[in-house]
Amino acid sequence: MTLLALNPLVSPDPGLFIWSTVAFLILFFLLSKFAWKPIVKALDERERSIEDALSKAEMAKAEMAKLISENEDLLKEARLERDNILKEAKEIKDQIINDAKDQAKTEGTKLIEKAKDEITNQKLAAMAEIKNQVSSLSLAIAEKVLRKQLEDQDKQQALVNDLLKEVKLN
Amino acid sequence: MDLSHIFNSKKFFSVAICAVLFSFLSFSAFSQEHASSDTAHATAAEAHDAKPEKEEDISKVILHHIADSHEWHFFGHVALPLPVILWTDNGLVSFLSNKFGHNDHGTELLDADGTKLVYYHGKYYYPESVKSADGTYIAYNNKGEIMNTKPLDISITKNVVSLLISVTILLVVFIGVANAYKKREGKAPKGLQSILEPIIIFVRDDIAKPQLGHKYRGFMPYLLTVFFFVWLNNLMGLIPFFPGGANLTGNIAVTMMLALCTFILTTVNGNKNYWGHVFTPHVPWWLYPLMIPVEIIGLFTKPIALMIRLFANITAGHILILSLISLIFILKSVLVAGIAVPFVLFISVIELVVGFIQAFIFTILSALFIGMAVEEKHAEH
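Protein chains in written order, with this note's numbering: chain A, 102 to 271; chain B, 68 to 448.
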């Protein structure tokens, strides 16, 4: 303490100490109440509002991105739907064509079959007709030939001879 | 805590100040050499006598300049007398400092409303009953200390006026800024507001938050007040004329008051964890008789270091500037001004930075000490 007391520079002056304490405390209380409180509050509030605005912007951005991706999804879905519909339509078309083809084929074969049957029937009928015609013609011919043959005696003889020859040879 | 850049810059400053000091020393060495050769040539003893007396005067002048005063000196014989208020044995005595002239040699008895006083080297004492051999009413003991008792001096001195001016400036400025915040709620800052806002945010984000964590809010008013009080007074101390020039933050009574505030805040807010560190430190029990006193001393050394750091830094700056100016008078040549004035300018610019850094350091250390006191228990390291 004696060392401190020696130099006036390092010996605290009680008067100034009292005054500075009083002044500093008054300054502290007045500034705390009327300056620091509103300033710190205002700064905090502004920072909060800025943060809010930033986070809101971020949210809006995310929302936007979501909307865009949703739109894209929708578009993709629509495209898929369209493709599906087209594919289905094509399938249906192909099926119809195939069905038609099949039907036509069966119908055709049926017709051909029928035609064939008809032809056969006609053929048979014609054959029977021809046979009848041929038999009646041959009967007529035979009648005419016989009549001619039997008109002449000689010829009758010759015929008998011929017939006999044939028999002998056999 | 990220203080590395500060320490780096401090290092830079100490190097710069060392450089200046070296040049200063070489100057004084040169001057002494010069003086000795002068005396060798001089025939009479007058120069021999005059020289040391002059040098003593200069150190006295410097100390006088950085000390408190009962008047505010402007120039020549023009000075603003300040009210002297003394709490004497007869009660409160007050008068203007120029009432009894300017005799501060303690050779005159002053009669203030019936109280006998003597004014000696800027201080008021009760006079001894008889004059001592040197014609003063001051008596010394064998250690060279003044024996006279003093009344309690609560005068409005130069430092007190400067204090009141700075308090007024701070109140006007910051209440004005606070009103601006209220008026322009939620808007961008403007004018003075936008100058001070980054500094307020700096105090909050770089001083309070890192040291105090989530508890910073309650200590913001104190830290902001201390920071701006110290900073403004550091800067005002650098103004060489009215309303500056009072070496307020370089006065140990003021730094003591500030350090005491931090000490009281630290002690009042100290939690269980803090006192636990003091009284049950994490050392083997048989070290307690050693550690507990060390910890208790530590409680007091922290604010004392705060007090001395600010006082010494600011006072040193003032002494440096005054010494450089005094070179002109020591070397008795106006030509020295060509070197001294640029040096003073250089140091003054450094002092501007030091003024800010010291305010910052005082505040951050206050925050650190309070932070240590309110720190929650965490994993031991």
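Just so you know, even glycine gets a beta-carbon here, dropped at the ideal spot from N, CA and C.
| Item | Value |
| --- | --- |
| For ILE197 (chain A), which residues of its own chain have a beta-carbon under 7 Å away from its beta-carbon, when the five flanking residues on both sides are left out? | none |
| Is the CB of ALA426 (chain B) under 8 Å away from at least one CB in chain A? | no |
| Taking contact to mean 3 or more Cβ pairs, one atom from each stretch, closer than 8 Å, check whether the stretch 148 to 157 of chain B and the stretch 176 to 186 of chain B are in contact. | yes |
| Under 8 Å, Cβ to Cβ, is there at least one residue of chain B near SER156 (chain A)? | no |
| Within its chain, find whatever has a CB closer than 6 Å to the CB of THR333 (chain B); leave out the 5 residues flanking it on each side and keep chain order. | PHE436, ILE437 and ALA440 |
| Taking ILE392 (chain B) and ALA379 (chain B) to be in contact with their CB atoms under 8 Å, please state how far apart those CB atoms are, rounded to whole angstroms. | Not quite, the Cβ-Cβ distance comes to about 20 Å (not below 8 Å), so this is no contact. |
| Do you know how far the Cα of PHE295 (chain B) is from the Cα of LYS127 (chain B)? | 32 Å |
| Inspect the CB distances between the stretch 348 to 361 of chain B and the stretch 421 to 437 of chain B and report whether three or more fall short of 8 Å. | no |
| Starting from the C-beta of GLY337 (chain B), find all residues in its chain whose C-beta is less than 8 Å away, skip the five residues before and the five after it, and write them out in chain order. | ALA440 and VAL441 |
| Could you say which of B:GLY258, B:HIS349 and B:ALA372 lies nearest to LYS444 (chain B) if we only look at CA atoms? | B:HIS349 |
| Classify SER161 (chain B) as helix, strand or coil using the three-state DSSP reduction. | strand |
| Under 8 Å, do SER161 (chain B) and GLU138 (chain B) count as touching if we go by C-beta distance? | no |
| Should the stretch 271 to 288 of chain B be regarded as contacting the stretch 155 to 175 of chain A, the criterion being three or more beta carbon pairs within less than 8 Å? | no |
| Verify the CB distance criterion: does THR430 (chain B) have a CB-CB separation below 8 Å to chain A? | no |
| Counting beta carbon pairs with one atom in the stretch 259 to 271 of chain B and one in the stretch 389 to 403 of chain B, are three or more of them shorter than 8 Å? | no |
| Residues of the stretch 290 to 309 of chain B in Cβ contact with chain A at a cutoff of 7 Å, in chain order, please. | LEU291, THR292 and PHE296 |
| For LEU132 (chain A), collect the residues of the same chain with a Cβ closer than 8 Å to its Cβ; drop the 5 residues on either side in sequence, then sort them by chain order. | none |
| Give the DSSP-derived three-state secondary structure of PRO256 (chain B) in the structure shown. | coil |
| To the nearest angstrom, how far is it from the Cα of ASP184 (chain A) to the Cα of ALA205 (chain A)? | 31 Å |
| By how many angstroms is the C-alpha of SER121 (chain A) removed from the C-alpha of PRO113 (chain A)? | 12 Å |
| In the DSSP assignment, find the unbroken beta strand (DSSP E) run with LEU147 (chain B) in it and report its ends. | 145 to 148 |
| Within 10 Å of its beta-carbon, does ASN318 (chain B) have 16 or more other beta-carbons around it, so buried, or fewer, so exposed? | buried |
| Step through the CB atoms of chain A and report whether any lies within less than 8 Å of the CB of ALA320 (chain B). | yes |
| Leaving out five residues before and five after PRO256 (chain B) in sequence, what residues of the same chain have Cβ atoms less than 6 Å from its Cβ? | GLU264 |
| Under a CB-based cut-off of 8 Å, is PHE436 (chain B) close to chain A? | no |
| I want to verify the contact list: residues of chain C whose CB lies under 7 Å from the CB of TYR248 (chain B), in sequence order. | Any reference to chain C falls outside this structure, whose protein chains are A and B. |
| Name, please, each residue of chain A whose Cβ falls closer than 7 Å to the Cβ of ILE397 (chain B). | What ILE397 (chain B) touches in chain A: nothing, since even the nearest Cβ is about 21 Å away. |
| Say whether chain A places a C-beta atom closer than 8 Å to the C-beta of THR382 (chain B). | yes |
| In angstroms with no decimal places, state the Cα-to-Cα distance between GLY243 (chain B) and GLU175 (chain B). | 49 Å |
| Along chain B, which residues have their Cβ under 8 Å away from the Cβ of LEU110 (chain A)? | LEU130, ILE133, ALA134, ILE319 and THR382 |
| Compare the C-beta of LEU187 (chain A) with all C-beta atoms of chain B and state if any pair is closer than 8 Å. | no |
| DSSP three-state label for LEU398 (chain B), please. | coil |
| By Cβ distance, which residues of its chain are closer than 8 Å to ILE306 (chain B), with the 5 residues on each side in sequence left out? | GLY312 |
| Got a sec: is the Cβ-Cβ distance from LEU230 (chain B) to anything in chain A below 8 Å? | yes |
| Note down, in chain order, every chain A residue with its Cβ under 7 Å from the Cβ of ILE392 (chain B). | Residues of chain A passing the Cβ test: none, with the nearest at roughly 19 Å. |
| Since I believe MET214 (chain B) is in contact with TYR207 (chain B) (beta carbons under 8 Å), could you give me their beta-carbon distance rounded to a whole number of angstroms? | 6 Å |
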